[in-house]
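Q: Pasting a structure here, questions to come.
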Amino acid sequence: MGAINKGTGFSQQERDALGLEGMLAPRSQTLDQQVARAYANFQEMMSPIKKYQFLRGLQDRNEVVYFALLVAHIEEMMPIVYTPTVGQAVREFSLRYQVPRGVTFSKYNIDRADEIFANVPWDDVRMIVVTDSSAILGIGDQGFGGIGISIGKLALYTAGGGVSPYQTLPVGLDVGTNSAQHKNDPYYLGVDEPRLTGDEYLSFADKFIAAVKKRWPNCIIQWEDFSKNEAYNLLARNREVISSFNDDIQGTGAVALAGVLAACAAKGEALKDQVVAISGAGAGGVGVAWAMVQGMMREGLSEAEAHAR
-4 MGAINKGTGF SQQERDALGL EGMLAPRSQT LDQQVARAYA NFQEMMSPIK KYQFLRGLQD
56 RNEVVYFALL VAHIEEMMPI VYTPTVGQAV REFSLRYQVP RGVTFSKYNI DRADEIFANV
116 PWDDVRMIVV TDSSAILGIG DQGFGGIGIS IGKLALYTAG GGVSPYQTLP VGLDVGTNSA
176 QHKNDPYYLG VDEPRLTGDE YLSFADKFIA AVKKRWPNCI IQWEDFSKNE AYNLLARNRE
236 VISSFNDDIQ GTGAVALAGV LAACAAKGEA LKDQVVAISG AGAGGVGVAW AMVQGMMREG
296 LSEAEAHAR
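Under our numbering, read the sequence shown as residues -4 to 304, first letter to last.
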């Protein structure tokens, strides 16, 4: 509904044609007027999580106004739509759950993945952000709530990068949760069973990928907030299967490498002559190390020599 709703923006002709006369406020508004009114309401929200809830509600009601509002106030709203506020939103996702968005797979419906994707109304999905919620923003296993990360990331791709929201799809892989907090939460809406592991987990992921390829063969998969081991396994396993990347590994690594290369250029030095220290060996830290090694090898070092630096 949010994709086609114009709210008070429906003209008199549209109201007559669509049978909306008497169902809306008498006065029609321009998009700018609707955005101004939405912003006034946003400013009345007194905490970041309340602002987040307001924006998510607006997104579900009227996506045109939602994205116009984000674009108009992108610097102010980025920390609300994504980090840091989205961390709290993910932890409390079930408590604050209102309207479904995106697609969630569990072990109870993954065998019907083709059928589920067939129900998605968008025929030209080009970008899927998917998470298994195992390593959310440093707060760990968040179960069902992790799909909030996929929703927020794609909202930024639209507002900041101009990607059509109707060519994107947030997906959550609810493979269970090992979080005692969620298992003991009476409001928790996800699968309150231990997380799938090993071959059972990989089979689950394979079924998801096969369904994506069948429905949208040219779609790009972004693996988001997977634990380090699963992140590398999925990248390697699907390298020749479908276009995919891991933001935490490759995105973080690329940005870090670009920054170091720029610093080297400013100093008149070569990357291959630097010694790099990385704190932590999570997906991001290992991704930075991988990118640095690749950069040094491009400048003539062997892989062993690059690893030594």
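Glycine included, each C-beta is placed from N, C-alpha and C at the ideal position.
#1: With C-beta atoms as the reference, is Leu19 less than 8 angstroms away from Ser89?
#2: Near Trp211, which residues of its chain fall below 6 angstroms by C-beta distance, leaving aside the five closest residues on each side in sequence?
#3: Is Met122 helix, strand or coil by DSSP?
#4: Between the C-alpha atoms of Phe112 and Val207, what's the straight-line distance to the nearest angstrom?
#5: Is Gln137 buried or exposed, if buried means 16 or more other CB atoms sit within 10 Å of its CB?
#6: Under a three-way DSSP split, which group does Pro189 fall into?
#7: So what does DSSP say about Trp285, is it helix, strand or coil?
#8: Which residue wins for smallest C-alpha separation from Ile69, given the options Ser6, Gly155, Glu298, Asn0?
#9: Taking just the CA atoms, how far does Glu219 sit from Val125?
#10: According to DSSP, Val166 sits in a beta bridge with which residue or residues?
#11: Would you please verify whether the beta carbon of Lys45 is less than 8 angstroms from any beta carbon of chain D?
#12: Considering only the alpha carbon of each residue, which of Leu164, Arg190, Thr163 lies closest to Ser174?
#13: Apart from the five residues on each side of it in sequence, which residues of its chain come closer than 8 angstroms, Cβ to Cβ, to Leu229?
#14: Per DSSP, which residues does Ile105 bridge with? Please list them.
#15: Relative to the C-alpha of Lys223, which residue among Leu256, Gly143, Leu132 is closest?
#16: Using only alpha-carbon positions, find the residue among Gly171, Gln83, Val166, Leu151 that is nearest to Ile134.
#17: Val270: which of Gly279, Leu256, Ala278 sits nearest, CA to CA?
#18: For Val236, count neighbouring Cβ atoms within 10 angstroms of its own Cβ and tell me buried if that reaches 16, exposed if not.
#19: Under DSSP, the alpha helix (DSSP H) around Gln245 begins and ends at which residues?
#20: Assuming Leu64 contacts Ala33 (C-beta within less than 8 angstroms), just tell me the rounded distance between them.
A: In short, the structure shows the following:
#1: no
#2: Val120
#3: strand
#4: 8 angstroms
#5: buried
#6: coil
#7: helix
#8: Gly155
#9: 6 angstroms
#10: Val98, Val125
#11: In the displayed structure, chain D is absent; only one protein chain is listed.
#12: Arg190
#13: Ala200, Trp218, Phe221, Ser239, Asn241
#14: None, per the DSSP bridge assignment.
#15: Leu132
#16: Gln83
#17: Leu256
#18: exposed
#19: Here Gln245 belongs to no alpha helix (DSSP H), and DSSP marks it neither H nor E.
#20: 5 angstroms
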